[in-house]
Amino acid sequence: MSLRVFADSWSKTTGVMLLLILGGLLFRVVLGLTIGLGVDESYAVAVSRIWTLSYFDHPPLHFWLIGLAGKIFGTDYGILLRLPFILLFAATTWLMYRLGAVLFGNWAGVYAALIMNLSAVFSLSTGGWILPDGPLMFFMLACVLVLVQLLFDPTQERSLFWWLAAGVLLGLGLLSKYHAVFIAFGAFLFIITSRTHRPLLLTAGPYLALGIGLLIFSPVLIWNWQHDWASFAFQGSRGLAKGWYPGRMMGNIAGQAAWVLPWIWLPLVGSWITSGLGGPGSTPEQSKRWFLSCLAAGPILIFTFLTLCGAEGLFHWQAPGYLFLFPLLGRVVANRLACHNRKTAVWLRLSALVFILLIAVLASHTATGWLKTMNPSLFPQGDPSMEAYDWREVRPAFAAKGFLTQEHQAELFVIAPHWIDAGKIDYALSGKLPVVCLSDEPHHFAFIRPIGSMLGKDAVIIGRPAVTERVLQQYGPYFQSISPLGSVAINRQGREELRLNWYYARNLMYGYPMPYGH
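The sequence shown begins at 1 in the UniProt record's numbering and counts up one residue at a time.
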């Protein structure tokens, strides 16, 4: 390729990428203004109000980001707390472009980034929600870009600087989510299976990177050591084998396809299979394809196989593996479009169109509930979109009872019988009152406010009917008295969607037994 042709290609692809990134930023800001915080987001905001070295559910980085954003902006307004994650995904989109471009050419990078932005699990939850996946994907891609320099640039393979950089990025990935360990797993799998790269295991670089990564990860190790390895025990218990469940595995695979979007999932998996069947390969290009295949293998195969054994399996757990299939699919799309393949062009346009329509329907329904208005029978088990709807009526209800006065703030706390309700209520109250979760599964609420510190105080107990039906039996022995306050209706567009029961409990006399925590 001549210098002029390269410059023209660089200019065109850079312009396309800037448009994609700016368009993505605008799309996610509008979406973030349209829908409320999901249950995991509300929970993350709630527990991030009190800084800790690490957290029960995940490593600390995204919790720290939320806390920092709250202090910078002086508010917990949803879009402002989501902004760091939206910006991170803009950077992730650029890194995806660079990874595809470095491995397979500029247009392969463009299509890899574009297709990633047309996949629901990446464009929505990773791209704009307050979740650990945003920082995770950013640092995983950044780390792999450095590894590409080390593995495929002969002048850099022994550079301790690049190995140090890889270790720092691996550590930051581990501080985001435990899934980052699959970078080390995938890189080792590639090196051990590639005759050309196997001698790297006899050099200091990989071990330096691992050491630096573990050092940066050390806050998680220290916190777990101080709290009986609570986070590791919780996450490990979700992968325990319970039997043989082929149906559950097939359902999990279907869920993965739905989250990625089926018309993208199928060609992603197809590109992975064709690349993987080629093995380590004798050509530089096949070696790169094998590298990406190794990176994808860990999360996809392990978490899918665990569901066969009856373990819990959420559909997005495999997403860090699918992340590294986008450059493979980008390469295929770029090659086909260069040959003017009409089917590929139509598929790409339809993928964009259907994605836009799908998001428009889901976002508008989440904000207004119009699908339920048109056909209530669509949601016989309840409307899942309410998970992303803020409980705005909670704070006015507390204010009307006088619970938010300075006098009450000093002597009153809030009890939620479920961690999801606790997160929603804490976010609705903007931290005006301390919220605790007294249950068998309090998650990180068990570690931030010792129930013993609430002795002698009154409490407001509030939650959905399903989790408050046994309030008197559950909490009665610990308080002097408990009186019902009625209910709080949560409305969407003037229509009642759910109702919260609440109670006033006087004088906490004894500490409530918690399964873990303080």
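Beta carbons: idealized from backbone N, C-alpha and C, even for Gly.
Assigned secondary structure, residue i (DSSP; H/G/I helix, E/B strand, else coil)
{"i": "SER487", "result": "strand"}
{"i": "PHE303", "result": "helix"}
{"i": "GLU393", "result": "coil"}
{"i": "ALA120", "result": "helix"}
{"i": "ASN501", "result": "strand"}
{"i": "GLY213", "result": "helix"}
{"i": "ASN106", "result": "helix"}
{"i": "ARG506", "result": "strand"}
{"i": "LEU412", "result": "strand"}
{"i": "PHE139", "result": "helix"}
{"i": "LEU20", "result": "helix"}
{"i": "SER54", "result": "coil"}
{"i": "GLN474", "result": "helix"}
{"i": "SER385", "result": "helix"}
{"i": "PHE479", "result": "strand"}
{"i": "ARG492", "result": "strand"}
{"i": "MET514", "result": "coil"}
{"i": "ALA36", "result": "First, the amino acid is wrong: residue 36 is Gly here, not Ala. Coil."}
{"i": "ASP133", "result": "helix"}
{"i": "TRP404", "result": "The residue you asked about is not Trp; residue 404 is Leu in the sequence shown. The answer is coil: DSSP assigns LEU404 none of H, G, I, E or B."}
{"i": "TRP162", "result": "helix"}
{"i": "PRO246", "result": "helix"}
{"i": "SER71", "result": "According to the sequence as given, residue 71 is Lys; it is not Ser. DSSP places LYS71 in helix when its eight states are reduced to three."}
{"i": "TYR77", "result": "coil"}
{"i": "SER48", "result": "coil"}
Cutoff 6 Å; reference residue i; Cβ partners in own chain excluding five residues on either side
{"i": "ARG395", "result": "ALA428 and LEU429"}
{"i": "GLY70", "result": "ASP76"}
{"i": "ALA489", "result": "GLU496 and ARG499"}
{"i": "THR283", "result": "none"}
{"i": "ALA101", "result": "GLY109"}
{"i": "residue 530", "result": "This structure does not reach residue 530, given that the chain is present from 1 up to 518, and the question cannot be answered."}
{"i": "LEU438", "result": "ILE415 and TYR512"}
{"i": "GLN256", "result": "PHE315 and GLN318"}
Top-ranked residue by Cα proximity to residue i, from the options
{"i": "ILE300", "options": "LEU68, VAL148 and ALA254", "result": "ALA254"}
{"i": "PHE326", "options": "ILE115, VAL47, LEU18 and LEU210", "result": "ILE115"}
{"i": "ALA363", "options": "LEU19, THR14 and ILE35", "result": "ILE35"}
{"i": "ASP383", "options": "TRP391, ARG392, GLY369 and GLU393", "result": "GLY369"}
{"i": "MET140", "options": "GLY236, GLY109, GLY321 and GLY78", "result": "GLY321"}
{"i": "TRP244", "options": "CYS309, LEU261, LEU215 and ARG195", "result": "CYS309"}
{"i": "GLY463", "options": "GLN480, ASN507 and VAL414", "result": "VAL414"}
{"i": "ALA90", "options": "PHE104, LEU455 and ALA113", "result": "ALA113"}
{"i": "TRP265", "options": "ALA345, ALA184, PHE122 and PRO380", "result": "PHE122"}
{"i": "LEU329", "options": "GLN318, LEU358 and TRP272", "result": "TRP272"}
{"i": "THR92", "options": "LEU323, GLY38, ALA505 and VAL30", "result": "LEU323"}
{"i": "VAL39", "options": "GLY517, PHE182, TYR207 and HIS418", "result": "HIS418"}
{"i": "LEU37", "options": "PHE398, GLU387, TRP64 and PRO267", "result": "GLU387"}
{"i": "SER351", "options": "THR155, SER119, GLY205 and TYR516", "result": "SER119"}
{"i": "ALA166", "options": "LYS177, PHE355, LEU145 and PRO219", "result": "LEU145"}
{"i": "TRP347", "options": "SER385, TRP263, LEU221 and THR405", "result": "TRP263"}
{"i": "residue 524", "options": "ALA204, GLN235, SER11 and TRP64", "result": "The requested residue 524 is not part of the displayed model; the chain covers only 1 to 518."}
{"i": "PHE27", "options": "ASN375, ILE86, CYS339 and GLY105", "result": "ILE86"}
Residue i Cβ short of 8 Å to the ligand GTP heavy atom set
{"i": "ALA399", "result": "Among the components of this structure there are no ligands whatsoever, and the ligand GTP is therefore not found."}
Same chain, Cβ closer than 8 Å to residue i, neighbours up to 5 away in sequence not counted
{"i": "THR193", "result": "GLY279, PRO280, TRP290 and CYS294"}
{"i": "LEU412", "result": "PHE403, LEU433, LYS457, ASP458, ALA459 and VAL460"}
{"i": "ALA311", "result": "ARG238, GLY239, LEU240, ALA241 and LYS242"}
Spatial neighbours of residue i in its chain, beta-carbon cut-off 7 Å, leaving aside the 5 residues before and after
{"i": "ILE191", "result": "HIS197, ARG198, LEU200 and LEU201"}
{"i": "SER125", "result": "LEU131, ASP133 and HIS316"}
{"i": "ARG392", "result": "ALA428"}
{"i": "MET1", "result": "Its pLDDT being 45, under 50, MET1 is placed unreliably by the model, and nothing is read from it."}
{"i": "ARG4", "result": "Its pLDDT being 46, under 50, ARG4 is placed unreliably in this model, and the value from its coordinates should be taken loosely. Cβ within range, chain order: n/a, list empty."}
{"i": "HIS179", "result": "LEU136, PRO299 and PRO320"}
{"i": "GLY186", "result": "CYS294, LEU295, ALA297 and GLY298"}
{"i": "HIS17", "result": "It is Met, not His, that sits at residue 17 in the sequence shown. Correct list, in chain order: TRP94, TYR97, VAL110 and ALA113."}
{"i": "TRP51", "result": "GLY67"}
{"i": "GLU441", "result": "TRP419"}
{"i": "LEU371", "result": "HIS365 and LEU378"}
*For the segment 287-295 against the segment 163-173, are there 3 or more C-beta pairs whose distance is under 8 Å?*
no
_For a minimum of 4 consecutive residues, which ranges assigned as the alpha helix (DSSP H) are wholly contained in the segment 258-320?_
262-277 and 284-308
*Counting pairs of Cβ atoms below 8 Å between the segment 416-425 and the segment 28-44, do you hit three or more?*
yes
_Cβ pair count under 8 Å reaching 3, the segment 211-228 against the segment 328-344_ = no
*Complete runs of the alpha helix (DSSP H) confined to the segment 186-241 [at least 4 residues]*: 205-226 and 230-237
*Do the segment 488-501 and the segment 460-470 make contact, defined as three or more Cβ pairs closer than 8 Å?*
yes
*Should the segment 53-61 be regarded as contacting the segment 73-87, the criterion being three or more beta carbon pairs within less than 8 Å?*
no
*asked:* Under 8 Å: do the segment 12-23 and the segment 140-159 share three or more Cβ pairs, one atom per stretch?
replied: no
_I'd like the ranges of any beta strand (DSSP E) spanning at least 3 consecutive residues and lying wholly in the segment 410-475._
412-416, 435-437 and 458-463
_Any contact between the segment 201-216 and the segment 269-278? By contact I mean 3 or more CB pairs, one from each, below 8 Å._
no
*asked:* Taking 8 Å as the cut-off, does the segment 477-489 touch the segment 505-517 (at least 3 CB pairs, one atom from each stretch)?
replied: yes
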